[in-house]
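2 protein chains.
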Amino acid sequence: MAEQVKALVLGAGAIGSFYGAILHRAGVAVSVVLRSEYDAVKADGFRISSPLGDLSFRPAAVYRSTEEVRESPDYLIVALKVVEGIDRVASMRPAVGPNTTIVLIENGIDIEPEIVEAFPNNAVVSALAFVAVSRVGPGVVEHKAYGQLMLGDFPKGASPATHRFAELLEAGGVRGVVSENVVTERWRKAVWNTPFNPTSVLAGGADTKIMLGSPTSEALIRAMMEEVCAVAAAAGHALPDDVIESNIVNTKKMPAYHNSMALDFLNGRPMEVEPILGNVVRAAEKHGVAVPHLSTAYALMRMLIANQQQNKA
Amino acid sequence: MAEQVKALVLGAGAIGSFYGAILHRAGVAVSVVLRSEYDAVKADGFRISSPLGDLSFRPAAVYRSTEEVRESPDYLIVALKVVEGIDRVASMRPAVGPNTTIVLIENGIDIEPEIVEAFPNNAVVSALAFVAVSRVGPGVVEHKAYGQLMLGDFPKGASPATHRFAELLEAGGVRGVVSENVVTERWRKAVWNTPFNPTSVLAGGADTKIMLGSPTSEALIRAMMEEVCAVAAAAGHALPDDVIESNIVNTKKMPAYHNSMALDFLNGRPMEVEPILGNVVRAAEKHGVAVPHLSTAYALMRMLIANQQQNKA
Numbered sequence: 040m041a042e043q044v045k046a047l048v049l050g051a052g053a054i055g056s057f058y059g060a061i062l063h064r065a066g067v068a069v070s071v072v073l074r075s076e077y078d079a080v081k082a083d084g085f086r087i088s089s090p091l092g093d094l095s096f097r098p099a100a101v102y103r104s105t106e107e108v109r110e111s112p113d114y115l116i117v118a119l120k121v122v123e124g125i126d127r128v129a130s131m132r133p134a135v136g137p138n139t140t141i142v143l144i145e146n147g148i149d150i151e152p153e154i155v156e157a158f159p160n161n162a163v164v165s166a167l168a169f170v171a172v173s174r175v176g177p178g179v180v181e182h183k184a185y186g187q188l189m190l191g192d193f194p195k196g197a198s199p200a201t202h203r204f205a206e207l208l209e210a211g212g213v214r215g216v217v218s219e220n221v222v223t224e225r226w227r228k229a230v231w232n233t234p235f236n237p238t239s240v241l242a243g244g245a246d247t248k249i250m251l252g253s254p255t256s257e258a259l260i261r262a263m264m265e266e267v268c269a270v271a272a273a274a275g276h277a278l279p280d281d282v283i284e285s286n287i288v289n290t291k292k293m294p295a296y297h298n299s300m301a302l303d304f305l306n307g308r309p310m311e312v313e314p315i316l317g318n319v320v321r322a323a324e325k326h327g328v329a330v331p332h333l334s335t336a337y338a339l340m341r342m343l344i345a346n347q348q349q350n351k352a
Numbered sequence: 040m041a042e043q044v045k046a047l048v049l050g051a052g053a054i055g056s057f058y059g060a061i062l063h064r065a066g067v068a069v070s071v072v073l074r075s076e077y078d079a080v081k082a083d084g085f086r087i088s089s090p091l092g093d094l095s096f097r098p099a100a101v102y103r104s105t106e107e108v109r110e111s112p113d114y115l116i117v118a119l120k121v122v123e124g125i126d127r128v129a130s131m132r133p134a135v136g137p138n139t140t141i142v143l144i145e146n147g148i149d150i151e152p153e154i155v156e157a158f159p160n161n162a163v164v165s166a167l168a169f170v171a172v173s174r175v176g177p178g179v180v181e182h183k184a185y186g187q188l189m190l191g192d193f194p195k196g197a198s199p200a201t202h203r204f205a206e207l208l209e210a211g212g213v214r215g216v217v218s219e220n221v222v223t224e225r226w227r228k229a230v231w232n233t234p235f236n237p238t239s240v241l242a243g244g245a246d247t248k249i250m251l252g253s254p255t256s257e258a259l260i261r262a263m264m265e266e267v268c269a270v271a272a273a274a275g276h277a278l279p280d281d282v283i284e285s286n287i288v289n290t291k292k293m294p295a296y297h298n299s300m301a302l303d304f305l306n307g308r309p310m311e312v313e314p315i316l317g318n319v320v321r322a323a324e325k326h327g328v329a330v331p332h333l334s335t336a337y338a339l340m341r342m343l344i345a346n347q348q349q350n351k352a
């Protein structure tokens, strides 16, 4: 009998604990590292309601820090927010062994190079979650819909480690879709995320209905989407012609809602401005693409954060 | 002996009551129309401290509405905010007689055409206040510094009515500077106002130090200023080459402060988005000038206001 696969989830918020639960269903020994919810999860494990059934589980081990980890896992699932003040590499390092595959389930563009450079001898899987989950209390998560993870190697290809991870997801009950061009998929997701997330914050926490609620506002969102597509194309990831139209049409069909950066803003939490917006603006500079709408939003977001910090001080 | 000149101040906030006091010092019979501070001013007049001395005065008459005005004034001083929900023409109409000169002391670009169209047979003076005044209580105003009013006819020239009004200001103790091209002066003021005001609001109420606090933020302010200058030039009001540099340098020399739109935002008051920003964006469209940074800020401001209204509802 094969030895049990071991996974360690670093950053077990809603997304991390959901995929931890999926791997647990697939027979993986899932341990977790978490800080603020340590006591609750240590005592009661995760409580996860889901259309897939009850996904509640007790981790094989619960750590406050990767420093406590004695045996490096087969898979290190990194579901940390990419924000200032979180040193992802330092958090990961004590848990990464020679045979550890690193799986990054994180938002944004160009979040991989720092990790690939820090761990040049480890397989790094870049993954995008398409899932509606939210944390409703310490260790308590509500899975509402979807669940697919799209994954591939950075900058391209799909190694055996990536395929094995996809198989585990499928065994656990969600789609694990391997892409040979996961970076293109990140750009495709950025067409929505990069315009809507900062726009919502700058408009004071506006929902999707307000952001598409007038010709002026829709024109801004479309202009920002065009800039994202232009940068993506310049970076070698041309997207289909209808990607903007379909994003607008689909968003209009959905009920008004607040995106993740809007919720972070409204709740006073750090925002993923750099992976979602700053890295796109820097990619534009690198490739010589003019992005005046995006760079306006980026400069405004930096000022907003500077103002938040000044008000706190 | 000549009959006493009669002035009526409509919108007697800090600016309106300050210039009312100056005209009172010049021997003008100054009446006022005000709503929320009616009782305080009716009882005690205006209390105005100033480096010029005590400018406190009792108006010749205090009205709640121009409907109550029996005799039309020689000068109708309009110091209303140019915001949605205030119908300036309707407020003015009952007080405008055949010999009334209308003096607009208001912020922004293209605030005159609506008034000129509504009162085609009256002289309209367009005026820009360079004054540091603030309201500190009902009918209580603190004049801190400056006081100059720059004035001229719209769209250009300087009629006898304009010159007479400037003489009254000088008699009252401040500079009254007549410009044959007051619209050019409005554009010159817009080089500062149009970038800094909405930027401050979108950054959550940021002060001038934050808005010039990093290369990214200063680059945005400069890009917006360049767009204002390009629109001004296309509209026939080319500004000197050093106007941007001098605005940046002077602002850096001043202590950090919050501009008028930032204060309106932080205090939940209506903001002058259309005269300061929207009319510039529309002038750009009319003249075929690309203003991506300004139009991003404008779309964001419209969304912010839509979001405020939704949160209030």
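Chains A and B, in that order, are what the protein sequence lines are. All letters in the first sequence, in the order written, are residues 40 to 352 by my numbering. All letters in the second sequence, in the order written, are residues 40 to 352 by my numbering. Where a beta carbon is used, it is the ideal one built from N, C-alpha and C, also for glycine.
In this structure, DSSP gives Val288 of chain A a helical state, which the three-state scheme calls helix. For Gly243 of chain A, the nearest CB of chain B lies under 8 Å from its own CB, placing it at the interface with that chain. In the structure shown, Tyr58 of chain A adopts helical secondary structure according to DSSP, grouped into three states.
For the region 62-95 of chain A, the beta-carbon criterion of a distance under 8 Å to any beta-carbon of chain B is satisfied by none of its residues. Under the three-state reduction of DSSP, Ile150 of chain A is assigned to coil, being neither helix nor strand. Only those residues of the region 95-109 of chain A whose C-beta falls short of 8 Å from the nearest C-beta of chain B would be listed, and there are none. In the DSSP assignment, Glu110 of chain A falls outside any alpha helix (DSSP H), carrying neither H nor E. Assigned with DSSP and collapsed to three states, Asp192 of chain B falls in strand. A straight-line Cα-Cα distance of about 32 Å links Pro254 of chain A and Pro254 of chain B. The beta-carbon distance between Asn161 of chain A and Ile144 of chain A, rounded to whole angstroms, is 16 Å. This is too long to meet the 8 Å contact definition.
Taking C-beta atoms as the reference points, Val320 of chain B and Val330 of chain B count as a pair closer than 8 Å. Look at Ala171 of chain A here: in three-state DSSP terms it is strand. Looking from the CA of Pro194 of chain A, the closest CA among A:Ile150, A:Glu209, A:Ala323 belongs to A:Ile150.
By the neighbour-count criterion, in which a residue is buried when 16 or more other Cβ atoms sit within 10 angstroms of its Cβ, Ala184 of chain A is exposed.
With a threshold of 8 Å between beta carbons, Ser256 of chain B makes contact with chain A.
Between the region 56-68 of chain A and the region 170-186 of chain A there are three or more inter-stretch CB-CB distances shorter than 8 Å, so the stretches are counted as touching. In this chain, the alpha helix (DSSP H) harbouring Lys351 of chain A covers 331-351.
In the DSSP secondary-structure assignment, Leu207 of chain A is not bridged to any residue. Thr335 of chain B belongs to the set of residues whose beta carbon lies under 8 Å from a beta carbon in chain A. Gly176 of chain A has A:Val179 as its beta-bridge partners, per DSSP.
Each residue's CA atom was taken as its position, placing Gly211 of chain B and Met342 of chain B some 43 Å apart. Of all C-beta pairs linking the region 238-248 of chain B to the region 283-302 of chain B, three or more are shorter than 8 Å, placing the two stretches in contact. DSSP, reduced to helix, strand and coil, places Leu259 of chain A within a helical segment of the structure shown. Spatial neighbours of Ala197 of chain A in its own chain (CB-CB distance under 6 Å, excluding positions within 5 residues in sequence) are listed in chain order as Gly191, Val217, Glu219.
The C-beta distance from Ala118 of chain A to Ala68 of chain A rounds to 18 Å, too long to fall under 8 Å, and the pair is not in contact. Put simply, the backbone Cα of Ala295 of chain A is about 26 Å away from that of Gly317 of chain B.
DSSP places Ser130 of chain B in the helix class (H, G or I) of the three-state scheme. In terms of Cβ geometry, Asn146 of chain B and Val121 of chain B form a close pair [threshold 8 Å].
In terms of Cβ geometry, Trp226 of chain B and His276 of chain B form a close pair [threshold 8 Å]. Counted as a single uninterrupted DSSP element, the alpha helix (DSSP H) harbouring Thr247 of chain B occupies residues 247-250. For Arg261 of chain B, there are no C-beta contacts with chain A under 9 Å, since the nearest C-beta of that chain is about 11 Å from it. Nearest Cα to Gly307 of chain B within the set B:Arg109, B:Glu206, B:Gly244, B:Phe235: B:Gly244. Under the DSSP definition of a beta bridge, Ala68 of chain A partners with A:Lys45.
CA-CA distance, Arg203 of chain A to Val163 of chain A, rounds to 13 Å.
For Leu305 of chain A, the enclosing alpha helix (DSSP H) stretches over residues 299-305.
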